[in-house]
């Protein structure tokens with residue numbers, strides 16, 4: 010059995026991280042399946058999905074990593090071609106990847122207590138985003 | 010058809026990597042499904058799953074990467090809030106991600122010859138861990 | 010319902026990136042399933058899968074990231090043991106990971122307009138590769 014959903018998000022860009030744990034949990038409870046896997050996918054080349062303890066310190070530490078290893082304040086070849094200034098956003102997204110799969114059992118995601126699901130928008134401006142949630146189970 | 014299992018692990022922390030290939034392979038053979046996908050998920054915000062050639066050189070080289078790009082010996086905002094000293098563990102886990110999906114065909118994981126499945130514990134102390142294995146197939 | 014395929018690739022090595030979007034899309038259209046998830050897996054410890062805007066600038070920027078954080082021109086312990094010179098290839102693959110799961114709906118991958126699927130070969134010589142495509146759906 011396959012159930013398809015879409016989660017709408019408004020982001021601020023620049024590594025804005027949004028906690029979508031409750032959105033996913035509610036769709037898992039509503040979808041009518043008891044156990045299986047939930048795959049989240051962002052149809053975008055400048056955003057990503059992962060898990061993190063959603064508190065301001067961790068989020069800032071995570072952003073610092075990307076500022077250091079994929080620094081926005083240096084030249085990117087992508088920007089020479091397109092002049093849209095988001096070359097670093099693409100590379101961050103390709104490293105972090107735009108998908109996440111989480112098992113669920115008895116209609117409950119198997120997340121840890123301090124583990125939340127985040128969508129992170131690496132683009133350089135506010136965006137309206139759609140995340141796909143594909144649920145497979147029984 | 011969905012089959013749910015849990016793999017128990019004792020880790021040493023500090024990027025201790027445990028080869029769980031045999032555990033997963035045995036559950037795939039025992040689960041009664043012929044082909045499908047196996048999703049491993051760590052319900053934790055300080056650990057991750059990936060594949061590697063499981064030999065001491067590769068493991069040390071992999072740990073060096075994390076020591077360099079997410080250095081434990083510098084300040085993390087997470088540590089200011091919680092004072093638990095594992096700010097770098099969280100960031101490493103969010104970069105590497107806590108899940109892995111591997112296809113299986115004829116009850117056999119489609120791993121390469123030199124490719125093993127590892128659980129890597131980035132936390133700073135020994136931990137008892139549970140990895141979820143959700144198998145979907147026919 | 011599970012459908013298993015294999016995609017054959019000839020690569021140049023050294024972070025050669027191959028756009029396999031069309032291969033995957035065609036197999037999704039041909040497999041007979043309407044909706045579900047497509048899991049790509051590389052049975053190798055020196056290659057990976059991700060998504061990127063497939064244009065030369067992004068690809069060069071992505072390669073520069075790996076050249077910087079996992080520099081081929083420095084010692085790796087793996088090379089001391091095996092003397093095959095691809096220690097950095099293993100670490101790049103373990104960081105980037107050898108799999109990707111993409112939902113499909115109405116026989117169409119849910120990719121963004123500027124988002125292509127790439128296989129990236131981090132090994133240091135041309136290789137013949139097989140990527141597994143496992144499709145699960147209804």
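Residue numbers (the working numbering), protein chains in the order written: chain E, 10 to 147; chain Z, 10 to 147; chain R, 10 to 147. Virtual Cβ for every residue (Gly too), placed ideally from N, Cα, C. In this text, all values refer to a predicted model and were calculated from it rather than measured experimentally.
- For residue 51 (chain Z), the three-state secondary structure derived from DSSP is coil.
- The region 84 to 96 of chain Z makes no contact with the region 115 to 132 of chain E; the number of CB pairs closer than 8 Å stays below 3.
- Annotated as proximal: residue 54 (chain E) and residue 99 (chain E), with beta-carbon spacing under 8 Å.
- With fewer than three CB-CB distances shorter than 8 Å, the region 136 to 143 of chain E does not count as touching the region 59 to 75 of chain E.
- For residue 12 (chain E), DSSP records a beta bridge to E:144.
- For residue 93 (chain R), the closest C-alpha among the options R:52, R:133, R:25 is that of R:133.
- DSSP links residue 33 (chain E) through a beta bridge to no other residue.
- Shown here, residue 26 (chain E) sits in a strand according to DSSP, grouped into three states.
- The alpha-carbon separation between residue 146 (chain Z) and residue 44 (chain Z) amounts to approximately 5 Å.
- Using a Cβ-Cβ cut-off of 7 Å, residue 141 (chain Z) is close to 112, 119 of chain E, given in chain order.
- Ranking Z:32, Z:42, Z:101 by CA distance to the CA of residue 49 (chain Z) puts Z:32 first.
- When rounded, the separation of the alpha-carbon atoms in residue 135 (chain Z) and residue 113 (chain E) is 27 Å.
- Taking a beta-carbon distance threshold of 8 Å, residue 58 (chain E) does not count as an interface residue toward chain R.
- Annotation: the region 86 to 136 of chain E contains the following complete segments of the alpha helix (DSSP H) (minimum length 4 residues), in chain order: 86 to 91, 96 to 105.
- Taking C-beta separations shorter than 8 Å and ignoring five residues to either side along the sequence, the partners of residue 37 (chain R) in its chain run 47, 113, 116, 117, 118, 144, following chain order.
- When the beta-carbon positions are compared, residue 12 (chain E) and residue 58 (chain E) stay at least 8 Å from each other.
- Around the beta-carbon of residue 80 (chain Z), fewer than 16 other beta-carbon atoms lie within 10 Å, marking it exposed.
- Listed along chain R is no residue with a C-beta nearer than 8 Å to that of residue 14 (chain E); the closest approach is about 10 Å.
- Nearest to residue 15 (chain R) by alpha-carbon distance, out of R:105, R:35, R:66, R:25, is R:35.
- Any Cβ of chain R closer than 8 Å to the Cβ of residue 123 (chain Z) would place that residue at the interface, and such an atom is present.
- Comparing alpha-carbon positions, the option among Z:131, Z:109, Z:137 lying closest to residue 30 (chain Z) turns out to be Z:109.
- Around the beta-carbon of residue 107 (chain Z), 16 or more other beta-carbon atoms lie within 10 Å, marking it buried.
- Its Cα nearest to that of residue 123 (chain R), the residue E:102 stands out among E:102, E:127, E:121.
- Note that the C-beta distance between residue 70 (chain Z) and residue 85 (chain R) is below 8 Å.
- Assigned with DSSP and collapsed to three states, residue 21 (chain E) falls in coil, not helix or strand.
- Using a CB distance cut-off of 8 Å, residue 78 (chain R) counts as an interface residue toward chain Z.
- With a cutoff of 8 Å on beta-carbon distance, residue 137 (chain R) and residue 19 (chain R) are scored as near each other.
- Pairing residue 78 (chain E) with residue 111 (chain R) gives a Cβ-Cβ distance that is not under 8 Å.
- Residue 28 (chain E) counts as exposed, since fewer than 16 other beta carbons sit within 10 angstroms of its beta carbon.
- Comparing C-alpha distances from residue 17 (chain E) to each of E:52, E:131, E:104 shows the shortest one belongs to E:52.
- Around residue 72 (chain E), the same chain offers 24 as residues with beta carbons nearer than 7 Å, after the five sequence neighbours per side are excluded.
- When rounded, the separation of the alpha-carbon atoms in residue 40 (chain R) and residue 10 (chain R) is 10 Å.
- One alpha carbon belongs to residue 121 (chain E), the other to residue 83 (chain Z), and they sit about 26 Å apart.
- Residue 78 (chain Z) sits in a helix when the DSSP states are folded into three classes.
- Going by DSSP, residue 58 (chain Z) is part of the beta strand (DSSP E) stretching over 56 to 61.
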